[in-house]
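A.B. asks:
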Amino acid sequence: FDLGNPPSVAPACLSVWDIAGIIKGAADGAGLGNAFLSHIAAVDGIFHVLRAFESDEIVHVDDSVDPIRDLETIQSELCLKDLASLTKTEEDERNAIRKAKGLGRSAEVTFPETFATALEKVRALLTANKAVSTGDFTNVEVEIIKEKFALITTKPIIYVINLSKRDFVRKRNKWLGKIGDWVKTHGGGLCIPFSVEFEEEFFGLRDYPDQQKAFLEECTADAASVGLTGPQFKAKSVLPRIIKTGYKQLNLINFLTAGEKEVRAWTVFKGALAPQAAGVIHTDFERGFIKAEIASFEDFKALHGGQASMAKLKEAGKYRQEGKTYVMNDGDIVLFQFNVTGGKKK
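Using the numbering used here, you'd call the opening residue of the sequence shown number 205 and step up by one each time.
1. Does the Cβ-Cβ distance between alanine 478 and tyrosine 523 come in under 8 Å?
2. Return the bridge partner residues of histidine 252 from the DSSP annotation.
3. Once DSSP output is grouped into helix, strand and coil, what is the label at isoleucine 485?
4. Output needed for isoleucine 301: all residues of its chain with C-beta closer than 7 Å, excluding positions within five of it in sequence on either side, in chain order.
5. Are the Cβ atoms of isoleucine 537 and alanine 499 separated by less than 8 Å?
6. Whole angstroms are fine: how far does the CA of serine 280 sit from the CA of leucine 307?
7. Quick check on serine 399: buried or exposed, where buried means 16 or more other Cβ atoms within 10 Å of its Cβ?
8. When DSSP builds the beta bridges, which residues end up paired with leucine 214?
9. Expressed to the nearest angstrom, what Euclidean distance is found between the alpha-carbon atoms of glycine 463 and proline 210?
10. In whole angstroms, what is the alpha-carbon distance linking lysine 388 and arginine 273?
11. Quickly, what does DSSP pair glutamine 525 with across the bridge? List them, please.
12. Could you pull the start and end residues of the beta strand (DSSP E) that leucine 394 belongs to?
13. Check this for me: beta carbons of arginine 374 and aspartate 426, under 8 Å apart or not?
14. Is aspartate 371 buried or exposed, if buried means 16 or more other CB atoms sit within 10 Å of its CB?
15. Between the Cα of isoleucine 494 and those of Glu324, Leu539, Arg327, spot the shortest distance and give me the residue it belongs to.
16. Report back the beta-carbon spacing between asparagine 343 and leucine 254 to the nearest angstrom; my notes put them in contact at under 8 Å.
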């Protein structure tokens, strides 16, 4: 999308925060556990990085490498933290009912049926050391949990398995199968093998394209030496996949705006309507929305013919106008038309 060499290009961004590992007892305040758990509670989703490599230079807090033990520890501490939050939610709901009915602070109250069933289902899952996201809830219960329960284990989790460079290139590690089995029996989820060692070396050569290419070729040859050949075994960075998977798990998509001065990617939730997308740019765009002129990025890529314009897409009938009910698609290129009149006369 660099046709015309716009002076400003603003790509899509996924903010990722590095939160230190949690030790056993964190939910009870061990180490800096409560602070770390509060940091996790503030995010929208979790990349759970698991260590699956040996190194005498990098000491594990438990003095040995065992990602299954680490998974159990993290799961337990997150569930314990959620149980504590659940107790507070329950008491807050009691107080809200008492206040609404003008009852005393010690008066017994009865929860609405849907709140009560959601509460007990969540409590049962957490007591059994299971993430709330693995539970079976009605649509009404889901809305109650979203609105009133501030829980960590409802967040989407992607398991990122940190391997040695050698294991990553050769797609072999004794823990991969065991981790996959654990994830399947604990509600399922996505597992992405990667290697900080590999990524660090690859990124370190970013200013030397020839050396970076040679590094990838060397790694691919290493895989081939143990019989791993074909496109799926070609060495490459996994970071783009991790970022795209993060977007998908958070139910996010991007749309693009393009002009002579700037090309920018904007982020909205999947299912957003055109006026809502316009509002991400400026509230006036949503308030005065008239229409959206739209083309898909894939169509532009295939048809632009080297021109920094939509002329070829218009000729091919791939440039269209959409109204207020249009549901945005990932990769839409958009020009919003809007009009905001002045305020009412006094």
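Using N, Cα and C, we set each Cβ at its ideal position, and we do this for glycine too.
It should be emphasised that the depicted structure is a prediction, and the values quoted were computed from it without experimental measurement.
C.D. replies: This is what the structure holds:
1. In the sequence shown, residue 478 corresponds to position 274, counting from 1. In the sequence shown, residue 523 corresponds to position 319, counting from 1. Tyrosine 523 sits away from alanine 478, with the two beta carbons spaced by 8 Å or more.
2. Position 48 of the sequence shown, counted from the start, is the residue given in the question as residue 252. Residue pairing by DSSP puts histidine 252 in a beta bridge opposite Tyr363.
3. As a working mapping, residue 485 is identified with position 281 in the sequence shown. Residue state, collapsed to three classes: helix.
4. Residue numbering aside, residue 301 sits at position 97 when the sequence shown is read from its first letter. Here the set comprises Val313.
5. As a working mapping, residue 537 is identified with position 333 in the sequence shown. As a working mapping, residue 499 is identified with position 295 in the sequence shown. Note that the C-beta distance between isoleucine 537 and alanine 499 is below 8 Å.
6. Numbered from its first residue, the sequence shown carries residue 307 at position 103. Numbered from its first residue, the sequence shown carries residue 280 at position 76. Leucine 307 and serine 280: Cα-Cα distance of roughly 37 Å.
7. On the sequence shown, residue 399 is found 195 positions in, with the first residue counted as 1. So serine 399 ends up on the buried side.
8. Here residue 214 corresponds to residue number 10 of the sequence shown, with the count starting at 1. Inspection of the sequence shows that residue 214 is occupied by alanine rather than by leucine. DSSP output for alanine 214 lists Arg468 as bridge partner(s).
9. The count along the sequence shown starts at 1 and reaches residue 463 at position 259. The count along the sequence shown starts at 1 and reaches residue 210 at position 6. Roughly 8 Å separates the two Cα atoms.
10. In the sequence shown, the residue the question calls residue 388 occupies position 184. In the sequence shown, the residue the question calls residue 273 occupies position 69. Whole-angstrom Cα-Cα distance: 16 Å.
11. Translated into positions along the sequence shown, residue 525 becomes position 321. Glutamine 525 has Glu497 as its beta-bridge partners, per DSSP.
12. As a position in the sequence shown, residue 394 is number 190, starting the count at 1. Its beta strand (DSSP E) spans residues 394-398.
13. Position 170 of the sequence shown, counted from the start, is the residue given in the question as residue 374. Position 222 of the sequence shown, counted from the start, is the residue given in the question as residue 426. One thing to note: arginine 374 has its Cβ within 8 Å of the Cβ of aspartate 426.
14. To locate residue 371, count along the sequence shown from 1; it is residue 167. That one is buried.
15. Sequence index remark: in the sequence shown, residue 494 carries index 290 (1-based). That would be Leu539, whose Cα lies nearest to the Cα of isoleucine 494.
16. Taking the first residue of the sequence shown as 1, we reach residue 343 at position 139. Taking the first residue of the sequence shown as 1, we reach residue 254 at position 50. Cβ atoms of asparagine 343 and leucine 254 stay farther apart than 8 Å, at about 33 Å.
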